[in-house]
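Each remark here refers to the structure printed beneath this line.
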Amino acid sequence: MAKIMAVNAGSSSIKFQLLEMPAETVITSGVMERIGLAEGIFTIKYDGKKEETNPVLPTHAEGVQLLLDTLIDKGIVKSLDEITGVGHRVVQGGEFFQDSSLITEDVINKIQDLADLAPLHNPAHIIGIRAFQKALPNVPQVAVFDTVFHQTMSKEAYMYATPYEWYEKYGIRKYGAHGTSHQYVSQRAAELIGKPLKDTKTIVCHLGNGASICAVDGGKSVDTSMGLTPLEGIPMGTRSGILDPTVVSYICEKEGKSAAEVVNILNKKSGYLGMSGRSNDARDVTAGMNDGDHRCKLTFDVQAKRIVDYVAAYYVYMGGCDVIAFTAGMGENLKHLRANVINRLGVLGVKLDEKLNDTFSDERIISTPDSKIKVYIIPTNEEVMIARDTVRVAKI
Ligand code: ADP
């Protein structure tokens with residue numbers, strides 16, 4: 003039996019999950035937040051307990067060391083030798099990485115080279131990788147890229163109609179994101195409907211703070227809504243999603259801002275936050291809608307409309323669809339948004355069972371028996387995909 007640590011390192015946080023493989027059972031999970039600030043937050047769940055402390059975590063290295071010490075102190079593992087592999091989520095692998103990769107210095111350099119395309123994420127992942135390399139020098143580490151799953155898109159799906167040299171010189175094209183989640187959910191969707199994966203067509207709606215839609219045909223991503231960066235696609239917590247690029251130059255002129263400043267607003271101050279004027283959190287926007295705030299209602303309507311635009315396009319592109327699957331924080335929990343989306347798709351013969359949609363439970367079907375497309379809620383599990391790939395690639 004192997005114990006694999008699945009890691010998602012951000013600029014000031016490390017999310018972790020230790021899994022027993024191949025059973026795929028979670029031994030412990032948690033997060034270290036506010037790394038580098040005066041007081042950190044360390045949350046760990048194990049044996050049905052959840053504990054929170056406020057250690058000082060000057061850098062990721064201290065965070066990782068504290069995590070490993072805690073595993074021993076609490077008897078979660080008897081020895082660190084039990085950890086046989088570490089898998090790291092990496093947001094951007096570009097065209098270079100076509101599969102998850104055993105981490106070497108060359109791989110780290112390449113992840114760094116690709117940081118232009120994911121400036122907030124890739125450098126933070128490297129800091130996390132270095133911290134685990136230092137703490138567990140003899141344990142194989144594997145990079146699992148969000149972009150790899152979308153590398154099966156055809157050129158017609160990933161190219162922008164911009165000067166071709168931009169693609170050749172700078173790699174300007176769609177890469178997509180959330181690949182690990184889309185892959186997990188689409189595999190699970192095929193299992194749930196009892197069809198071989200190679201014959202199953204699924205449209206996955208990953209609706210979290212970041213949100214993307216993916217068309218998965220026969221287990222392969224054939225199109226996805228995010229692009230060169232996660233800004234493209236549907237409106238999200240703080241991101242605008244797709245718009246006419248002229249908006250950027252127009253606002254630059256009107257407000258005397260640089261293009262970088264306007265793009266920053268499109269990434270951080272738009273979407274739910276910008277439209278509702280309240281919050282990027284769907285719970286607050288729902289409360290506003292229920293209080294009669296028309297901008298909050300409009301926020302959900304705009305997002306639902308855009309989601310449906312993609313779902314309809316992907317239905318046509320794949321020549322049909324067996325399952326529409328909702329996942330991530332909003333996809334799993336926001337019944338009014340799911341209804342808002344599915345009720346716009348009646349022309350495709352898809353029918354929501356309002357009662358099933360209202361019930362709170364985990365993975366479940368929410369369409370009626372006569373619905374032509376089955377609709378499921380499938381909680382995503384990126385950590386299990388990271389652990390599976392770590393075992394496969396490191397041959398554990
Ligand atoms: P990310 O991983 O991209 O940060 P999540 O998948 O955690 O995002 O999703 C965050 C979103 O999910 C937030 O908008 C939050 O309001 C929403 N969400 C999470 N839990 C619930 C819930 N119980 N009810 C309604 N919305 C929820």
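Going by the working numbering, the first residue of the sequence shown is number 3, and it counts up by one from there.
In this text, a Cβ means the ideal position worked out from N, Cα and C, and glycines have one as well.
How should residue i be labelled, buried or exposed, when 16 other C-beta atoms within 10 angstroms of its C-beta is the threshold for buried?
| i | result |
| --- | --- |
| Met3 | exposed |
| Asp71 | exposed |
| His152 | buried |
| Tyr252 | exposed |
| Val66 | buried |
| Asn56 | exposed |
| Arg394 | exposed |
| Thr248 | exposed |
| Lys5 | buried |
| Asn266 | exposed |
| Asp391 | buried |
| Ser214 | buried |
| Asn383 | buried |
| Leu245 | exposed |
| Glu334 | buried |
| Thr329 | buried |
| Asn111 | exposed |
| Phe302 | buried |
| Gly42 | buried |
| Thr61 | exposed |
| Ser81 | exposed |
| Tyr317 | buried |
| Phe362 | exposed |
Give the secondary structure of residue i by DSSP, where H, G and I count as helix, E and B as strand, and everything else as coil.
| i | result |
| --- | --- |
| Ile131 | helix |
| Val144 | strand |
| Asp201 | helix |
| Asn345 | coil |
| Phe18 | strand |
| Lys157 | helix |
| Thr30 | strand |
| Met228 | coil |
| Asn269 | helix |
| Glu257 | helix |
| Cys323 | coil |
| Asp405 | This structure cannot speak to residue 405, because the chain is shown only from 3 to 398. |
| Gly279 | coil |
| Gly95 | coil |
| Leu245 | coil |
| Tyr378 | strand |
| Ile398 | coil |
| Glu84 | helix |
Quick one: what's got a C-beta closer than 8 Å to residue i's C-beta in the same chain, skipping five residues either side?
| i | result |
| --- | --- |
| Glu356 | Ala341 |
| Ile195 | Thr202, Asp324, Val325, Lys376 |
| Ala261 | Val250, Ser251, Cys254 |
With C-beta atoms as the reference, is residue i less than 7 Å away from residue j?
| i | j | result |
| --- | --- | --- |
| Ser13 | Ala126 | yes |
| Leu336 | Ala284 | yes |
| Phe147 | Val92 | yes |
| Lys176 | Gly130 | no |
| Thr30 | Leu21 | no |
| Gly89 | Ile388 | yes |
| Ile344 | Leu354 | yes |
| Met320 | Ala217 | yes |
| Val287 | Ser278 | yes |
| Ala400 | Gly87 | Residue 400 cannot be examined here, being either before or after the span of the chain that is shown, 3 to 398. |
| Ile113 | Gln143 | no |
| Asp360 | Pro381 | no |
| Ile37 | Leu59 | yes |
| Tyr312 | Ser183 | no |
| Val28 | Ile85 | no |
| Arg280 | Val310 | no |
Determine, for residue i, whether the minimum Cβ-Cβ distance to residues of chain D falls below 7 Å.
| i | result |
| --- | --- |
| Gly130 | Looking at the structure shown, chain D is missing, and only one protein chain is on hand. |
Please work out which residues of its chain come closer than 7 Å, Cβ to Cβ, to residue i, disregarding the five sequence neighbours upstream and downstream, and give them in chain order.
| i | result |
| --- | --- |
| Val150 | Gly95, Phe99, Gln100, Asp101, Ser102, Gly181 |
| Asn269 | Leu233, Thr240, Arg241 |
| Ile46 | Thr30, Gly32, Glu53, Thr72 |
| Arg308 | Ile236, Pro237, Gly243 |
| Gly322 | Lys203 |
| Val109 | Ser103, Ala145 |
| Asp219 | Lys203, Met320 |
In chain order, what residues of the same chain lie with their CB nearer than 6 Å to the CB of residue i, ignoring the 5 residues before and after it?
| i | result |
| --- | --- |
| Gly239 | Asn211, Gly273, Tyr274, Asn282 |
| Arg428 | Residue 428 cannot be examined here, being either before or after the span of the chain that is shown, 3 to 398. |
| Ala8 | Gln19, Gly89, Glu385, Ile388, Ala389 |
| Ala159 | Asp225 |
| Ala11 | Ala126, His127, Gly130 |
| Thr370 | Lys353, Asp355 |
| Leu138 | none |
Quick one: does the C-beta of residue i sit closer than 6 Å to a heavy atom of the ligand GTP?
| i | result |
| --- | --- |
| Leu336 | This structure lacks the ligand GTP; the ligands present are the ligand ADP. |
For the stretch 213–232 and the stretch 153–160, state whether three or more C-beta atom pairs, one from each stretch, are separated by less than 8 Å. Yes, since at least three Cβ pairs between the stretch 213–232 and the stretch 153–160 fall closer than 8 Å, the two stretches touch.
Given 8 Å, three or more beta-carbon pairs between the stretch 292–303 and the stretch 202–211: At 8 Å Cβ cutoff, the stretches do not touch.
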